[in-house]
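Following: one structure in structure tokens, then a few remarks.
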Amino acid sequence: MDGLAAWRRAERGVDRFFGATANPLRQPGTLAILALALLVGSGLWLYAVLDTSADRAYASIDALAPYSPGGLLRSLHRYAADALVLFTTLHVLRELLHRRWRAVHRFAWLTGVVLLPLLAAIGIGGFWLHWDRLGQFSALATAEWFDALPALAQPLARNFLDAASVGDRLFSLFVFMHLGLPLLLLFALWFHVQRLSQVAWWPPRSLALGTTGSLLALALAWPVRGQGPAELATVPASLALDWWLLWLHPVADALSPAAAWALVGAGLAVLFTLPWLLRGPARAPAAVVDPAHCNGCRRCVADCPYAAITLVPHPLRPSRMLAQVDADLCASCGLCAGACPSSVPRRGGAPIATGIDLPQRPIAALQHALRALLDRPPGLVVFACDHAAVPAGADVLTLECSGQLPPSFVDQALREGAGGVAIVHCRDCVWRLGVRWTAERLAGQRPPRLASRVPRERLCLVPADTGEDAQAAAAIAAFKEKLLQIKAPT
Ligand code: HEM
Ligand code: SF4
Ligand code: SF4
Numbered sequence: 089m090d091g092l093a094a095w096r097r098a099e100r101g102v103d104r105f106f107g108a109t110a111n112p113l114r115q116p117g118t119l120a121i122l123a124l125a126l127l128v129g130s131g132l133w134l135y136a137v138l139d140t141s142a143d144r145a146y147a148s149i150d151a152l153a154p155y156s157p158g159g160l161l162r163s164l165h166r167y168a169a170d171a172l173v174l175f176t177t178l179h180v181l182r183e184l185l186h187r188r189w190r191a192v193h194r195f196a197w198l199t200g201v202v203l204l205p206l207l208a209a210i211g212i213g214g215f216w217l218h219w220d221r222l223g224q225f226s227a228l229a230t231a232e233w234f235d236a237l238p239a240l241a242q243p244l245a246r247n248f249l250d251a252a253s254v255g256d257r258l259f260s261l262f263v264f265m266h267l268g269l270p271l272l273l274l275f276a277l278w279f280h281v282q283r284l285s286q287v288a289w290w291p292p293r294s295l296a297l298g299t300t301g302s303l304l305a306l307a308l309a310w311p312v313r314g315q316g317p318a319e320l321a322t323v324p325a326s327l328a329l330d331w332w333l334l335w336l337h338p339v340a341d342a343l344s345p346a347a348a349w350a351l352v353g354a355g356l357a358v359l360f361t362l363p364w365l366l367r368g369p370a371r372a373p374a375a376v377v378d379p380a381h382c383n384g385c386r387r388c389v390a391d392c393p394y395a396a397i398t399l400v401p402h403p404l405r406p407s408r409m410l411a412q413v414d415a416d417l418c419a420s421c422g423l424c425a426g427a428c429p430s431s432v433p434r435r436g437g438a439p440i441a442t443g444i445d446l447p448q449r450p451i452a453a454l455q456h457a458l459r460a461l462l463d464r465p466p467g468l469v470v471f472a473c474d475h476a477a478v479p480a481g482a483d484v485l486t487l488e489c490s491g492q493l494p495p496s497f498v499d500q501a502l503r504e505g506a507g508g509v510a511i512v513h514c515r516d517c518v519w520r521l522g523v524r525w526t527a528e529r530l531a532g533q534r535p536p537r538l539a540s541r542v543p544r545e546r547l548c549l550v551p552a553d554t555g556e557d558a559q560a561a562a563a564i565a566a567f568k569e570k571l572l573q574i575k576a577p578t
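To convert, take the position in the sequence shown, counting from 1, and add 88; that gives the working numbering.
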């Protein structure tokens with residue numbers, strides 16, 4: 089079983105407990121945003137009570153009783169930081185397994201890699217602000233790690249030789265880092281999603297509440313406590329380490345600081361160069377606009393998941409706008425063709441002429457295939473996205489994405505003799521928004537809307553990923569059964 093199949097199996101397993109919408113494995117990116125929001129909120133409060141001088145910082149934090157509101161916020165801050173690392177790791181793993189480092193994904197991938205060292209620096213630097221034994225250990229270990237770099241003229245570790253060397257100026261630098269780097273992180277995060285439209289920033293309410301509640305429960309069950317004030321004259325004998333945030337120190341200790349640099353550098357270099365190391369197959373041609381059939385309605389602009397379409401003045405019709413595709417940004421997903429109001433069957437069976445289309449997979453070819461199927465006529469028309477399961481025992485019309493299907497095709501199939509229409513799609517759209525747009529268009533909530541006269545009971549959406557062919561076939565068999573019952577007079 090490959091990695092992606094194993095991940096999907098795990099997702100389906102977790103679905104049983106949380107349901108697909110609130111499954112944390114399906115949206116670790118949004119959970120990372122939630123953890124970040126909790127961090128910023130609790131961090132601002134902690135900053136208000138923190139004494140930013142080297143000799144009073146420890147006491148100002150330690151004064152927060154574990155079960156007081158301040159103490160709980162302090163523990164929440166730590167556990168949210170751990171959660172941010174966990175969710176980011178899952179997010180990277182998920183994107184990696186979906187091979188989202190190349191083509192349209194490259195920008196998000198590369199900016200994502202930049203977020204990793206920032207996250208590590210913010211996490212480690214947070215411990216120094218408390219200036220307890222753990223903060224002391226971490227600051228010294230980090231200084232020794234940097235001292236392994238040949239470029240440094242003076243060893244940084246000298247700054248931690250005795251209490252006098254850690255003055256308020258050095259401590260102000262710690263504070264500045266822990267406040268300044270998160271601002272840089274937020275900016276980098278904004279950059280990270282620049283090439284995506286309709287970004288899913290926030291997890292569903294139930295998941296957000298559940299995750300916040302779990303972190304608060306951790307804070308109540310195991311409140312974070314200081315490990316005694318820093319004493320630079322002595323080396324801490326034993327410390328409770330936070331492995332999520334401080335893993336680098338034991339790694340540098342076990343290998344050597346230079347080897348830890350090599351490991352971290354190689355890891356980041358591999359991630360950063362992945363788009364060039366593993367390029368994958370050539371990109372499919374971008375969507376093409378037909379100026380004769382584009383009326384500048386903007387629907388394709390609104391539905392494109394990668395913000396690849398803009399409107400420009402129509403060169404031939406001065407009062408109109410025209411869609412324009414940036415080929416570098418286009419994922420060739422076909423969602424725009426499904427959104428275009430010109431993607432409708434024409435009177436007298438004339439070939440369809442849409443405003444925007446995939447040249448390698450035109451809507452006219454899909455209509456041609458549907459026409460051939462309706463000539464029989466079939467009990468059931470099955471449309472399936474290329475990234476979903478292939479149900480056996482059915483004539484399947486394939487699409488790049490379920491979002492490529494204009495709702496008018498469903499109407500046409502049912503009007504011209506099909507008993508029902510099933511649309512098989514992947515569980516989490518590989519093109520981000522296709523499944524959502526399909527459901528909303530068919531429910532009449534988003535243009536182009538499926539006509540209200542269409543009997544919805546003759547329509548079925550089948551979520552099934554590649555490899556779930558048997559499940560898809562079973563869902564379609566059940567739908568056929570239901571259609572028979574609808575037909576039979578009771
Ligand atoms: C602070 C850490 C991070 C946060 C909070 C975060 C959050 C997000 C969010 C909210 C999205 C948009 C999801 C959507 O609407 O489809 C996204 C997309 C993405 N992220 Fe991250 N991310 C982080 C780090 C990373 C890292 C380290 C990588 C990889 C090295 C990465 C790779 C990606 C990719 C490839 C996408 C685009 C997916 C697509 O093209 O469909 N992210 N991220
Ligand atoms: S095919 Fe259309 S919807 Fe998809 S990315 Fe390209 S322009 Fe956007
Ligand atoms: S949806 Fe069609 S008609 Fe509307 S702007 Fe896009 S290409 Fe033009």
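Note that CB positions come from ideal geometry on N, CA and C, so glycine has one too.
Item: Boundaries (first-last residue) of the alpha helix (DSSP H) holding Leu-127; Value: 116 to 137
Item: Those residues which DSSP pairs with Ala-262 across a bridge; Value: Reading off the sequence, residue 262 comes out as Phe, not Ala. Paired residue(s): none; Phe-262 is not in a bridge.
Item: Closest Cα partner of Cys-514 within the set His-337, Arg-541 and Ala-476; Value: Ala-476
Item: Assigned exposure category for Ala-563 - 16 Cβ within 10 Å defines buried; Value: buried
Item: Complete runs of the beta strand (DSSP E) confined to the stretch 352 to 440 [at least 3 residues]; Value: 397 to 401 and 409 to 413
Item: CB contact flag (Ile-623, Gly-314, <8 Å); Value: In the structure displayed, the chain extends from 89 to 578; residue 623 sits before or after that span and is not available.
Item: Reference Leu-297, options Leu-461, Leu-404, Thr-176 and Leu-119, closest by Cα; Value: Leu-119
Item: Leu-446 beta carbon less than 8 Å from that of Ala-506; Value: no
Item: Reference Ala-227, options Cys-428, Leu-461, Ser-490 and His-337, closest by Cα; Value: His-337
Item: Reference Glu-319; option with closest CA among Trp-290, Ala-252, Val-470 and Phe-234; Value: Ala-252
Item: Nonlocal neighbours in the same chain, by C-beta distance under 6 Å from Asp-391, ignoring five residues either side; Value: Leu-423, Ala-427 and Trp-525
Item: Enclosing beta strand (DSSP E) for Val-550 [first to last residue]; Value: 547 to 551
Item: Boundaries of the beta strand (DSSP E) in which Val-509 is found, first to last residue; Value: 508 to 513
Item: First and last residue of the uninterrupted alpha helix (DSSP H) at Val-469; Value: Where Val-469 is concerned, there is no enclosing alpha helix (DSSP H), although the beta strand (DSSP E) it sits in stretches over 468 to 473.
Item: Assigned secondary structure, Thr-554 (DSSP; H/G/I helix, E/B strand, else coil); Value: coil
Item: C-alpha gap between Ala-457 and Asp-483, whole angstroms; Value: 10 Å
Item: Sub-8 Å separation of Leu-571 and Arg-534 beta-carbons; Value: no
Item: Assumed close pair Val-550, Val-518 - CB separation to whole angstroms, cut-off 8 Å; Value: Wrong, their Cβ atoms sit about 16 Å apart, outside the cutoff.
Item: Three-state secondary structure (DSSP) of Asp-499; Value: helix
Item: Between the CA atoms of His-193 and Ala-231 - distance to the nearest angstrom; Value: 36 Å
Item: Three-state secondary structure assigned by DSSP to Ala-342; Value: helix
Item: Opposing strand residues paired with Val-484 [DSSP bridges]; Value: Val-470
Item: Given 8 Å, three or more beta-carbon pairs between the stretch 355 to 367 and the stretch 379 to 397; Value: no
Item: Straight-line Cα distance separating Arg-188 from Ala-558; Value: 27 Å
Item: Range covered by the alpha helix (DSSP H) that runs through Phe-234; Value: 221 to 235
Item: Per DSSP, the bridge partner or partners of Ile-444; Value: Val-377
Item: Beta-carbon spacing of Leu-122, Pro-291 below 8 Å; Value: yes
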